[in-house]
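Let me begin by presenting the structure, written as structure tokens, before commenting on it.
Residue numbers (the numbering used here): 22 to 514.
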């Protein structure tokens, strides 16, 4: 129950993270913290539950009885215990940063595994199995070296403590036997035998404490890492929300907006001003790294602006609750994300109350009517990440899911790159006919995908360098004209 509740708390916390929070930790690190770190904490917790109360009680009672039998000889243990305590604390202070380093290397190793499994087809295509295997071995070796260094310190500590305790036992026998033989004290053979019995109890309790100590040192590094996640404040919250309503329409305004990623030296978007009327279809084009995807991710507050203001439906986006703002926006991202389960399960992310007729209608709008040809139809199992579908089929299902949401703003981020031009044209035509009044933002590499838009934005280095209809931009914007010429697209639509 303890580990389950801790993992559940972490998972719930991560669900409220913004993209910026996730970028700060990295996916691999979050996976390590929810699995390996929680396991170490659980092991320490279960160990302490079993012996944390018994060991101190056994130690205290055994010391008390030993003092009652012969307080002078009992002083041997009383003097040694503080020395052992100081030694254990010193070992912990040295081992703790080593374990922190070890877990960071666990993060790196998990990231290597995750990247490899996600990109396994690319690995196979480029015959890079040996390269990836060596990359993993290097990461695993880094974990091993750090772990050995940390655990070696603790491994030496326990036998060293046992040695000290057995030397104490020898001292007890020596001084106790001396008192009996020379008659210099009150100790008898029976007292010595009893004393040795309690000494063994003291030894046992100290060994238990040592076991707890090892687990606590190991888990404290994990606890610190888990605590970092639980204490992390989501960058995007509802604190500024002033209305419980959704945006009244799909109008979008950027007022002197700037934005930069956490590790970026300069803003990705700087001083951007933009106005989009509700119901407009807007194309967005530009070279790689021109901030096309970043621009649209700011609208539903996947990231927050560094400066300036974005307004949707006439109000600043921060005035809406995150749920209401994002309920009004549908996004089809560059990377097609489908989840394990059936086609029906995935489509109902858009509208969980949708009927089968509505699901099929959305599929037809997105040119995903191939679903009807499957033997099991909507109940076809997709496998993990939609592995049973082609890239184009995944894209069309993602568009169908977004259509079911019936948003005020639809964002298509290069989401028809895996379909042919005829299918692309069909999807755009269907969206315009079936979802009238919806604002549509289309990021595309193909000019043919956006040339019919009400207006087109041309981006370069995070700035709008051209805005207007296709024919106007072809005449006035050299960057746009170059893109058109490379794709053999002329001025006339």
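Beta carbons: idealized from backbone N, C-alpha and C, even for Gly.
What's the gap between the Cα of residue i and the Cα of residue j?
{"i": "residue 159", "j": "residue 120", "result": "18 Å"}
{"i": "residue 151", "j": "residue 290", "result": "40 Å"}
{"i": "residue 347", "j": "residue 72", "result": "50 Å"}
{"i": "residue 393", "j": "residue 65", "result": "54 Å"}
{"i": "residue 488", "j": "residue 501", "result": "10 Å"}
{"i": "residue 362", "j": "residue 426", "result": "19 Å"}
{"i": "residue 135", "j": "residue 48", "result": "9 Å"}
{"i": "residue 96", "j": "residue 88", "result": "8 Å"}
{"i": "residue 478", "j": "residue 254", "result": "35 Å"}
{"i": "residue 455", "j": "residue 475", "result": "17 Å"}
{"i": "residue 352", "j": "residue 118", "result": "43 Å"}
{"i": "residue 396", "j": "residue 402", "result": "11 Å"}
{"i": "residue 464", "j": "residue 416", "result": "14 Å"}
{"i": "residue 220", "j": "residue 123", "result": "38 Å"}
{"i": "residue 81", "j": "residue 39", "result": "51 Å"}
{"i": "residue 197", "j": "residue 239", "result": "39 Å"}
{"i": "residue 26", "j": "residue 287", "result": "41 Å"}
{"i": "residue 77", "j": "residue 244", "result": "23 Å"}
{"i": "residue 368", "j": "residue 354", "result": "15 Å"}
{"i": "residue 316", "j": "residue 127", "result": "34 Å"}
{"i": "residue 23", "j": "residue 63", "result": "7 Å"}
{"i": "residue 424", "j": "residue 412", "result": "19 Å"}
{"i": "residue 202", "j": "residue 237", "result": "45 Å"}
{"i": "residue 491", "j": "residue 472", "result": "5 Å"}
{"i": "residue 191", "j": "residue 138", "result": "59 Å"}
{"i": "residue 509", "j": "residue 389", "result": "29 Å"}
{"i": "residue 33", "j": "residue 250", "result": "11 Å"}
Hey, quick one: how far does the alpha helix (DSSP H) through residue i stretch, first residue to last?
{"i": "residue 96", "result": "92 to 139"}
{"i": "residue 412", "result": "412 to 425"}
{"i": "residue 48", "result": "48 to 53"}
{"i": "residue 328", "result": "Segment 328 to 333 is the beta strand (DSSP E) holding residue 328; no alpha helix (DSSP H) there."}
{"i": "residue 527", "result": "Since the first residue of the chain shown is 22 and the last is 514, residue 527 is not available in this structure."}
{"i": "residue 238", "result": "210 to 252"}
{"i": "residue 294", "result": "That residue, residue 294, is in no alpha helix (DSSP H); its beta strand (DSSP E) goes 290 to 297."}
{"i": "residue 478", "result": "Taken as a continuous stretch (DSSP letters only), residue 478 belongs to no alpha helix (DSSP H), being part of the beta strand (DSSP E) at 476 to 481."}
{"i": "residue 316", "result": "313 to 319"}
{"i": "residue 343", "result": "343 to 348"}
Compute the distance between the beta-carbons of residue i and residue j, then report whether it is under 8 Å.
{"i": "residue 171", "j": "residue 116", "result": "yes"}
{"i": "residue 270", "j": "residue 299", "result": "yes"}
{"i": "residue 421", "j": "residue 387", "result": "yes"}
{"i": "residue 19", "j": "residue 267", "result": "The question about residue 19 has no answer here: the residues shown for the chain are numbered 22 through 514."}
{"i": "residue 437", "j": "residue 470", "result": "yes"}
{"i": "residue 364", "j": "residue 399", "result": "yes"}
{"i": "residue 222", "j": "residue 41", "result": "no"}
{"i": "residue 79", "j": "residue 215", "result": "no"}
{"i": "residue 212", "j": "residue 131", "result": "no"}
{"i": "residue 292", "j": "residue 272", "result": "no"}
{"i": "residue 515", "j": "residue 133", "result": "It is not possible to answer for residue 515, since the shown part of the chain is limited to 22 through 514."}
{"i": "residue 246", "j": "residue 58", "result": "yes"}
{"i": "residue 256", "j": "residue 331", "result": "no"}
{"i": "residue 84", "j": "residue 98", "result": "yes"}
Should residue i be counted as a contact of the ligand NAD given a C-beta to heavy atom distance under 7 Å?
{"i": "residue 308", "result": "With respect to small molecules bound, the structure shown includes none, and the ligand NAD cannot be examined in it."}
The beta strand (DSSP E) that contains residue i, what's its start and end?
{"i": "residue 279", "result": "273 to 280"}
{"i": "residue 373", "result": "Careful: residue 373 lies outside any beta strand (DSSP E) and carries neither H nor E."}
{"i": "residue 468", "result": "Neither: residue 468 is in no beta strand (DSSP E) and is coded neither H nor E."}
Original post:
Which runs of the beta strand (DSSP E) spanning at least 3 residues fall entirely within the region 34 to 88, listed in chain order?
Top reply: none
Original post:
On the three-pair Cβ rule with 8 Å, is the region 257 to 266 touching the region 67 to 87?
Top reply: no
Original post:
Using 8 Å as the Cβ pair cut-off and three pairs as the minimum, do the region 362 to 379 and the region 338 to 345 touch?
Top reply: no
Original post:
So, do the region 299 to 312 and the region 456 to 467 have three or more beta carbon pairs nearer to each other than 8 Å?
Top reply: yes
**OP:** Say whether the region 310 to 324 touches the region 429 to 436, bearing in mind that this needs 3 or more beta-carbon pairs closer than 8 Å, one atom from each stretch.
**Re:** yes
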